[in-house]
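Engineer: Pasting a structure here, questions to come.
Numbering (my numbering), first residue to last: 744 to 879.
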């Protein structure tokens, strides 16, 4: 609920209009929510928190970021989910599960697993953008 309140405050403050966010197209909206979720995930470590917080921040602004139809809303969700899967590292509990059961050193897990999660997130975003171009 707090994230939803923050989204309302952002919307009502006029920041959206002053940044020119009112007129950006759907692809820019997909990339923006991906980046918000990825930033939260990278800093905080939890995919669940990244998804919930990003949804709460973005939901009051959906119409203003060019996401109108049902398919576009689904693609918005896939972009948020992709961002929330991006860059798993030492502050993510799943990172430690991978580290323990792979018998790799932390440096190796950062090198391979973190890179793989970055690729995974970017692939998901690419999928969302391609579907947006094909379906809207």
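Virtual Cβ for every residue (Gly too), placed ideally from N, Cα, C.
Is the CB-CB distance between residue 845 and residue 777 below 7 Å?
Structural biologist: Residue mapping note: residue 845 aligns to position 102 of the chain shown, counting from 1. Residue mapping note: residue 777 aligns to position 34 of the chain shown, counting from 1. Their beta carbons are not under 7 Å apart, which means residue 845 does not touch residue 777 by this criterion.
Engineer: Distance check for residue 848 and residue 785, CA to CA, integer angstroms please.
Structural biologist: The sequence position of residue 785 within the chain shown is 42, counting from 1. The sequence position of residue 848 within the chain shown is 105, counting from 1. Those two C-alpha atoms are separated by around 20 Å.
Engineer: Our contact map puts residue 879 next to residue 815 with C-beta atoms below 8 Å; I'd like the distance itself, whole angstroms only.
Structural biologist: Walking along the chain shown from the start, residue 879 turns up at place 136. Walking along the chain shown from the start, residue 815 turns up at place 72. That pair is a contact at about 6 Å.
Engineer: Whole angstroms is fine: what's the gap from residue 853's alpha carbon to residue 773's?
Structural biologist: For the purposes of this step, residue 853 is taken as the residue at position 110 of the chain shown. For the purposes of this step, residue 773 is taken as the residue at position 30 of the chain shown. Cα to Cα, the separation comes out at about 27 Å.
Engineer: Give me the residue from 859, 843, 862 and 769 with the minimum Cα distance to residue 804.
Structural biologist: Within the chain shown, numbered from 1, the residue matching residue 804 stands at position 61. For the residues 859, 843, 862 and 769, the minimum Cα distance to residue 804 belongs to 769.
Engineer: Let me know the secondary structure DSSP gives residue 745 once reduced to three states.
Structural biologist: Locating residue 745 in the chain shown gives position 2, counting from the first residue. Because the pLDDT at residue 745 is just 48, under 50, the model does not fix this residue reliably, and the point stays unresolved.
Engineer: Within its chain, find whatever has a CB closer than 6 Å to the CB of residue 870; leave out the 5 residues flanking it on each side and keep chain order.
Structural biologist: Working through the chain shown from its first residue, we reach residue 870 at position 127. Excluding residues within five positions, none has a Cβ falling inside 6 Å.
Engineer: Is the beta carbon of residue 860 less than 7 Å from the beta carbon of residue 825?
Structural biologist: For the purposes of this step, residue 860 is taken as the residue at position 117 of the chain shown. For the purposes of this step, residue 825 is taken as the residue at position 82 of the chain shown. Result no, Cβ atoms of residue 860 and residue 825 do not sit closer than 7 Å.
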